[in-house]
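Asks: Structure provided below as structure tokens; questions to follow.
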Amino acid sequence: MKKLFSVCLDFIFPRHCCVCQQHLSASNYRYLCDSCARKIIFPSANLCQRCGYDFGADCSEGSKLCPRCLGQEFCFKSLRSAVRLSYVTRNLVHQFKYKNGDYIVYDLCKIMRKNAHFMAFIGGSTLVPVPLHWRRKFLREYNQSELLVRHLAKFPINSKVLHLLKRTRHTRPQVGLRATERRSNMQKAFAINPKIKIPLDTRLIVFDDVLTTGSTINECCSVLKKHGFSNILAATFAQVSRD
Ligand SMILES: [Zn+2]
Ligand SMILES: [Zn+2]
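Mapping of the sequence shown onto our numbering: residues 510 to 752, in sequence order.
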């Protein structure tokens, strides 16, 4: 019955792949064709132990940290991303964030579930979405990180969502800013939500949609660390490649 209903719905409102616009009659995803889905790049097993940067094949034997992590102290113990940001995932994220694409969240979660290492990493944790300032949330109508963790927590991974952080001021968009500008743009942008009381050794995972330089997520983790939390990790849907 459910299948018949969705067939009828597809007849009235035909679906298209949001990356290549191809008409979707049968696909494993709601808004992504199988051909685009095959182009998604999952990280190799050869990762920077801190930020999850994918060394791929060009890693010197024994390297554990990437050049960025050797030169910068992050406030999270480690970070993992489900996919690499590529043509397909960049399009998906763009549609999700800037084109009222909240309906894409189902496909994004399905993609994340394909990465078993990533799901094991976020399992058994308290997921803390990076908060949006109310002004941006009002314009976008949803916080993309919050939407992602809310759907992820529905899977049997024994994780829950907690709004442990709040935005204290509006910041200009990070897109187009250099690494140092991104860091100063994010300073004092977050604070602890004083209404929530949990043990300080809770396994926390700060969650965002994309990791670029890490300044937003690191600022969130720094607030948690200053508050006394001792088990702080981070995760994102995608991570920007540096090659
Ligand atoms: Zn496609
Ligand atoms: Zn790294």
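The C-beta atom is built at its ideal place from N, Cα and C for all residues, glycine as well. In this text the structure is predicted, and so the values were computed from the model without any measurement.
Could you compute how far the alpha carbon of residue 727 sits from the alpha carbon of residue 707?
Replies: Sequence index remark: in the sequence shown, residue 727 carries index 218 (1-based). Sequence index remark: in the sequence shown, residue 707 carries index 198 (1-based). Answer to the nearest angstrom: the Cα atoms are 21 Å apart.
Asks: Residue 742: beta carbon under 7 Å from a heavy atom of ligand 2?
Replies: Here residue 742 refers to the residue found at position 233 of the sequence shown. No, the Cβ of residue 742 stays beyond 7 Å of every heavy atom of ligand 2.
Asks: Would you decide whether residue 665 is buried or exposed? Buried here means 16 or more other CB atoms lie within 10 Å of its CB.
Replies: Counting from one through the sequence shown, the residue named residue 665 turns up at place 156. Its Cβ having fewer than 16 others within 10 Å, residue 665 is exposed.
Asks: Spatial neighbours of residue 532 within its chain, please: CB distance less than 7 Å, with the 5 preceding and 5 following residues excluded, ordered by chain position.
Replies: Here residue 532 corresponds to residue number 23 of the sequence shown, with the count starting at 1. Hits under 7 Å: 523 and 525.
Asks: How would you label residue 543, buried or exposed, when you count the other beta carbons within 10 angstroms and need 16 or more for buried?
Replies: Residue numbering aside, residue 543 sits at position 34 when the sequence shown is read from its first letter. Label assigned to residue 543: exposed.
Asks: For the 8 Å Cβ check, are there 3 or more pairs between the segment 574 to 590 and the segment 736 to 747?
Replies: With the cut-off at 8 Å, the segment 574 to 590 and the segment 736 to 747 touch.
Asks: How big is the Cα-Cα spacing for residue 606 and residue 737?
Replies: As a first step, residue 606 is located in the sequence shown; it is residue number 97 there, counting from the start. As a first step, residue 737 is located in the sequence shown; it is residue number 228 there, counting from the start. Rounded to the nearest angstrom, the two C-alpha atoms are 32 Å apart.
Asks: To the nearest angstrom, how far is it from the Cα of residue 597 to the Cα of residue 630?
Replies: Counting from 1 along the sequence shown, the entry for residue 597 is found at position 88. Counting from 1 along the sequence shown, the entry for residue 630 is found at position 121. Near 24 Å, if we compare the C-alpha coordinates of residue 630 and residue 597.
Asks: Residue 714: buried (16+ other C-beta within 10 angstroms of its C-beta) or exposed?
Replies: Locating residue 714 in the sequence shown gives position 205, where the first residue counts as 1. Looking at its Cβ environment, which holds 16 or more other Cβ atoms inside 10 Å, residue 714 is buried.
Asks: Find out if the Cβ-Cβ distance for the pair residue 550, residue 593 is shorter than 8 Å.
Replies: As a first step, residue 550 must be located in the sequence shown, where it is residue number 41. As a first step, residue 593 must be located in the sequence shown, where it is residue number 84. Cβ atoms of residue 550 and residue 593: closer than 8 Å.
Asks: Please name the residue in 689, 528, 680 and 673 whose C-alpha comes closest to that of residue 701.
Replies: Along the sequence shown, read from residue 1 onward, the residue named residue 701 stands at position 192. The shortest C-alpha separation from residue 701 is found at 673.
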